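Number of protein chains: 2
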Amino acid sequence: MGVGCSSSLPPTVNNPHCSITFPHTSAHTNPTSNHLPINWLARAHLQKPNSARKTPTLKCGRTAQMEIEGGSDSKPILDLHSLDDNLVQKMVYDALVWSSLHGLVVGDRNVQLIVQRSGTVPGVGMVHAPFALLPTVFPENQWKLACEVAPIFNELVDRVSLDGKFLQESLSRTKKVDAFTSRLLDIHSKMLEINKKEEIRLGLHRSDYMLDEKTKLLLQIELNTISTSFPGLGSVVSELHRSLLKNYGEHLGCDVNCTPSNDAANRFSEALAKAWIEYNNPKAVIMVVVQPEERNMGGHAIAVIYFRAGYAPTDYPSEAEWRARLLMEHSSAIKCPSISYHLTGTKKIQQELAKPNVLEKFIDNKEDIAKLRKCFAGLWSLDDADIVDTAIEKPHLFVMKPQREGGGNNIYGDDVREALLRLRKDGKEQNAAYILMQRIFPTDSATFLVRDGSCHKDHAVSELGIYGAYLRNKDKVIVNERSGYLMRTKVSSSNEGGVAAGFAVLDSLYLT
Amino acid sequence: MGVGCSSSLPPTVNNPHCSITFPHTSAHTNPTSNHLPINWLARAHLQKPNSARKTPTLKCGRTAQMEIEGGSDSKPILDLHSLDDNLVQKMVYDALVWSSLHGLVVGDRNVQLIVQRSGTVPGVGMVHAPFALLPTVFPENQWKLACEVAPIFNELVDRVSLDGKFLQESLSRTKKVDAFTSRLLDIHSKMLEINKKEEIRLGLHRSDYMLDEKTKLLLQIELNTISTSFPGLGSVVSELHRSLLKNYGEHLGCDVNCTPSNDAANRFSEALAKAWIEYNNPKAVIMVVVQPEERNMGGHAIAVIYFRAGYAPTDYPSEAEWRARLLMEHSSAIKCPSISYHLTGTKKIQQELAKPNVLEKFIDNKEDIAKLRKCFAGLWSLDDADIVDTAIEKPHLFVMKPQREGGGNNIYGDDVREALLRLRKDGKEQNAAYILMQRIFPTDSATFLVRDGSCHKDHAVSELGIYGAYLRNKDKVIVNERSGYLMRTKVSSSNEGGVAAGFAVLDSLYLT
Numbered sequence: 001m002g003v004g005c006s007s008s009l010p011p012t013v014n015n016p017h018c019s020i021t022f023p024h025t026s027a028h029t030n031p032t033s034n035h036l037p038i039n040w041l042a043r044a045h046l047q048k049p050n051s052a053r054k055t056p057t058l059k060c061g062r063t064a065q066m067e068i069e070g071g072s073d074s075k076p077i078l079d080l081h082s083l084d085d086n087l088v089q090k091m092v093y094d095a096l097v098w099s100s101l102h103g104l105v106v107g108d109r110n111v112q113l114i115v116q117r118s119g120t121v122p123g124v125g126m127v128h129a130p131f132a133l134l135p136t137v138f139p140e141n142q143w144k145l146a147c148e149v150a151p152i153f154n155e156l157v158d159r160v161s162l163d164g165k166f167l168q169e170s171l172s173r174t175k176k177v178d179a180f181t182s183r184l185l186d187i188h189s190k191m192l193e194i195n196k197k198e199e200i201r202l203g204l205h206r207s208d209y210m211l212d213e214k215t216k217l218l219l220q221i222e223l224n225t226i227s228t229s230f231p232g233l234g235s236v237v238s239e240l241h242r243s244l245l246k247n248y249g250e251h252l253g254c255d256v257n258c259t260p261s262n263d264a265a266n267r268f269s270e271a272l273a274k275a276w277i278e279y280n281n282p283k284a285v286i287m288v289v290v291q292p293e294e295r296n297m298g299g300h301a302i303a304v305i306y307f308r309a310g311y312a313p314t315d316y317p318s319e320a321e322w323r324a325r326l327l328m329e330h331s332s333a334i335k336c337p338s339i340s341y342h343l344t345g346t347k348k349i350q351q352e353l354a355k356p357n358v359l360e361k362f363i364d365n366k367e368d369i370a371k372l373r374k375c376f377a378g379l380w381s382l383d384d385a386d387i388v389d390t391a392i393e394k395p396h397l398f399v400m401k402p403q404r405e406g407g408g409n410n411i412y413g414d415d416v417r418e419a420l421l422r423l424r425k426d427g428k429e430q431n432a433a434y435i436l437m438q439r440i441f442p443t444d445s446a447t448f449l450v451r452d453g454s455c456h457k458d459h460a461v462s463e464l465g466i467y468g469a470y471l472r473n474k475d476k477v478i479v480n481e482r483s484g485y486l487m488r489t490k491v492s493s494s495n496e497g498g499v500a501a502g503f504a505v506l507d508s509l510y511l512t
Numbered sequence: 001m002g003v004g005c006s007s008s009l010p011p012t013v014n015n016p017h018c019s020i021t022f023p024h025t026s027a028h029t030n031p032t033s034n035h036l037p038i039n040w041l042a043r044a045h046l047q048k049p050n051s052a053r054k055t056p057t058l059k060c061g062r063t064a065q066m067e068i069e070g071g072s073d074s075k076p077i078l079d080l081h082s083l084d085d086n087l088v089q090k091m092v093y094d095a096l097v098w099s100s101l102h103g104l105v106v107g108d109r110n111v112q113l114i115v116q117r118s119g120t121v122p123g124v125g126m127v128h129a130p131f132a133l134l135p136t137v138f139p140e141n142q143w144k145l146a147c148e149v150a151p152i153f154n155e156l157v158d159r160v161s162l163d164g165k166f167l168q169e170s171l172s173r174t175k176k177v178d179a180f181t182s183r184l185l186d187i188h189s190k191m192l193e194i195n196k197k198e199e200i201r202l203g204l205h206r207s208d209y210m211l212d213e214k215t216k217l218l219l220q221i222e223l224n225t226i227s228t229s230f231p232g233l234g235s236v237v238s239e240l241h242r243s244l245l246k247n248y249g250e251h252l253g254c255d256v257n258c259t260p261s262n263d264a265a266n267r268f269s270e271a272l273a274k275a276w277i278e279y280n281n282p283k284a285v286i287m288v289v290v291q292p293e294e295r296n297m298g299g300h301a302i303a304v305i306y307f308r309a310g311y312a313p314t315d316y317p318s319e320a321e322w323r324a325r326l327l328m329e330h331s332s333a334i335k336c337p338s339i340s341y342h343l344t345g346t347k348k349i350q351q352e353l354a355k356p357n358v359l360e361k362f363i364d365n366k367e368d369i370a371k372l373r374k375c376f377a378g379l380w381s382l383d384d385a386d387i388v389d390t391a392i393e394k395p396h397l398f399v400m401k402p403q404r405e406g407g408g409n410n411i412y413g414d415d416v417r418e419a420l421l422r423l424r425k426d427g428k429e430q431n432a433a434y435i436l437m438q439r440i441f442p443t444d445s446a447t448f449l450v451r452d453g454s455c456h457k458d459h460a461v462s463e464l465g466i467y468g469a470y471l472r473n474k475d476k477v478i479v480n481e482r483s484g485y486l487m488r489t490k491v492s493s494s495n496e497g498g499v500a501a502g503f504a505v506l507d508s509l510y511l512t
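So the sequences go chain by chain: G and U.
Heads up: the first sequence begins at 1 in the UniProt record's numbering, then just goes up one per residue.
Heads up: the second sequence begins at 1 in the UniProt record's numbering, then just goes up one per residue.
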């Protein structure tokens, strides 16, 4: 991790322009795993600010409302099976031109041999970001639920973050087996010791879901509270799909209004700007902590620190980075996220919150609690011997998730059995490094995936992320909103991992 | 040349979408000579339609109006010599990010070894288009003149195109020595024979100028009436510059309003759409004639034929293309350009119009005539023995231009003497293949040129193109406007050719 200024100290920077930077590597960037996305902060200029913050009311031109949750047959209006090949080729061509002209591009590491600075210097060696040609059909009632719970999750994160004791106790055993979480908890402890108060709190979150084929429920995969990626590219893909539906709607027999527009990058930028306003020092700047080489240093006051890095152990190659993180936490700057928000996003806390009667500690409104619970997949501690027995017996119904951030480290299938048996032998201590989660079998649908200029059709599964922004100054909630969405889709047979891991393409929704 | 449909016949096409295509090679695309621009028709969607059609009134925050034409010292507000290197690096970085996000990109032939389809498939192997980091300082009075004469040139082209006898006679000797012009004249003759009338006439032109250092006059280089390139990329570069001036205006000490905004792509698209409306057949489509492989054929009526190819001999590899051109000319479709408009854009006609008392045949208004004349450089036929003597004596004051389209074929310096002596020996016949033009020595200024992600400072010269759109239905002029501009800049020492030839970057204006 480098900070926008010197990687040691102080965390100051001379110009907000330095904030627009290419992240070098990121476990969060897997949909373009071979590519380097352009920071969404830079993309935020692309779209007009939009004042619509509520769940959009959609006018889908469908003839029959489908009862998805009841498990009836669904016949999506957007039927990819009947598409004429010439039409697909035309749409692919138009989509590729559109991508080039609207910034749906990333640095292409494949051409680094020739364009050596591809991926480190913007503007060279670019390729369109991988995308699904058309939006994925998705039940509107589940979409609405995911939108509705976004502000509730925002509020939940804020409440949990204020309960230092809950965070420390819930993570006390994780601390012993996970060095990274341990360091974060050390910083958190120090803040508790000096009774550090964060009066202005800014959260830019993303809650990820998959639609479970069997139950037809939208179940939460995880809640990201740091470095939430892709508000920029995600917004642009929705516009690409809307543009294609507008131009080809007649041939496709579908309605552009069924694909919700997506203003995530601008919503997040606006929340950052509002946090800067709350800080109330016109000379202060917004600092963005990024992964590549720092480019600037200076002597300006910092109003807001946005962490686009700092979520992975590799972001802290030496003690200097930890000292910087501690210093930032000590500072009066608004941290996005604060150490408490960061810890609240850990899988262990996700699992703790799913326990009976825990949500009730943080949220009063029973309807809100019921809505959140509806999204919770089964989540268990490895200390639960019954569940571990069940998982050893039926490993395919579970996923073992290490505390570690980022996708790709999850354990599936027979590996779950092996891992659990090994842990049982090694002793209880290591249990805390993992949680067990109900395996979600997502709905599978035909998709056209476009990568490196080529399109192929395959069966694919999707993961929906709902962005949420939250800004509070003491008792005043300034922002609490759903801020857009991210749909990622990947070939269902490619591996057993979640959608975020592996070679996903960017996608959007077609609501039915 | 391929037409959007079968390269033979009939000239019909099943969908206007087929029109958005990458030209493969084009003598008009030299600013990105190693690259493939994305068609401006696709780019037209990028910007909002703008109803401002007049010469924009500019509010430049300058303290002292400079008398450029009088030859006084000019001290541009935008002084590149005093720029801090760190500031330049920051601006380059921002400009490259901006380019990626706003479609200022082209296919990069350099990466074709790895990304084989780079340049033939959109969306892969892309690189930012080469651009000047900041706009080039330009005298506002000359800019205004160039804008003012645009509609007069539009009208002139229309009037000249109606005078079939003038075109045939003026080009009668060129016909004997230039096979390509000869074929065009054959089609033109056939149309004259059958007394073919084009009631709806559409012109999308660009008049190119250079600012002559000695006289401080803006002199016309040529008037393009077919396949006028870069309304798309040119528009985007102006926006890039305006964005940089907005963000860095304080450091640069300059005013964003001094760089005129540029809506060329949308203006041209609107003119095409209006021509389609005049054709008055809702089922008819717009066909675009392009250079690469055709992709579509069908059975739709054609309202408008836009030639993005057809200006170079290589666009007609066989008789089939000539037959197609003839058929299109026979058709009732609106041709952009018609064969008459095409011929009116030849250098020979440019030279004929510069002769005394010729403009008067076509234009009544004396003020208009005076304005046009002000832009005319010295132009002579090689039949003028006195001028040829002078040119042999002082070859550096002249340029020899072959009738052939596209830059890069002009003859400069001592080669002028050699060529003239050779022609004198070979006999009068070949004289008609060339015209002689006054050599313009353009103003030289410091410029930051950005290519392949790198920036370097050099002395450069610029060429300003003013786009003009004209649409007429019988006696009704529907469109006659200046439609935006194109500024191209290149290192002054790179070679003796005009700016359009060689390695120019895209640029815009800073008016003083």
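Ideal Cβ positions, reconstructed from N, Cα and C, are used throughout, including at glycine.
Every value quoted in this text rests on a predicted model; they were computed, and no experiment measured them.
Burial state of residue i, where buried means 16 or more other Cβ atoms lie within 10 Å
i	result
I68 of chain G	A caution first: I68 of chain G carries a pLDDT of 33, below 50, which makes its placement in the model unreliable, though a value can still be read off. Answer is buried; the Cβ neighbour count reaches 16.
P231 of chain U	buried
Q89 of chain G	exposed
P23 of chain U	At P23 of chain U the pLDDT is 26, less than 50, meaning the model places this residue with poor confidence and gives no usable figure here.
A179 of chain G	exposed
S172 of chain U	exposed
N195 of chain U	exposed
S318 of chain G	exposed
S82 of chain U	exposed
Host alpha helix (DSSP H) of residue i (start-end)
i	result
I392 of chain U	A385 to E393
P130 of chain U	That residue, P130 of chain U, is in no alpha helix (DSSP H); it is neither H nor E in DSSP.
Q89 of chain G	D85 to L101
Y279 of chain U	A264 to Y279
V177 of chain U	S172 to V177
D368 of chain G	K366 to C375
Start-to-end residues for the beta strand (DSSP E) that takes in residue i
i	result
A303 of chain G	I302 to F307
G298 of chain U	From DSSP, G298 of chain U is part of no beta strand (DSSP E); its letter is neither H nor E.
H396 of chain G	It is not in any beta strand (DSSP E) - H396 of chain G carries neither H nor E in the DSSP assignment.
T447 of chain G	S445 to R451
L80 of chain U	No beta strand (DSSP E) holds L80 of chain U; DSSP gives it neither H nor E.
G427 of chain U	Where G427 of chain U is concerned, there is no enclosing beta strand (DSSP E), given that its DSSP letter is neither H nor E.
D108 of chain G	V105 to D108
For residue i: DSSP bridge partner residues
i	result
I435 of chain G	G:S381 and G:K401
Q220 of chain G	G:Y209
M287 of chain G	G:I305
I466 of chain U	U:S207 and U:Y485
I200 of chain U	U:N473
C455 of chain G	G:V450
L245 of chain G	Answer is none; L245 of chain G lacks a bridge partner.
F138 of chain G	G:L511
V505 of chain U	U:T489
To be precise: take each residue of the segment 440–471 of chain G, compare its Cβ to all Cβ atoms of chain U, and keep it if any distance is under 7 Å. Which residues remain? D452 and G453
Chain-ordered residues of the segment 256–282 of chain G with a beta carbon less than 8 Å from chain U: none
In chain order, what residues of the segment 119–150 of chain G put their CB closer than 8 Å to some CB of chain U? V121, P122, G123, V124, G125, M126, V127 and H128
Enumerate, from N- to C-terminal direction, the unbroken alpha helix (DSSP H) stretches of 4 or more residues contained entirely within the segment 302–345 of chain G. 319–330 and 339–344
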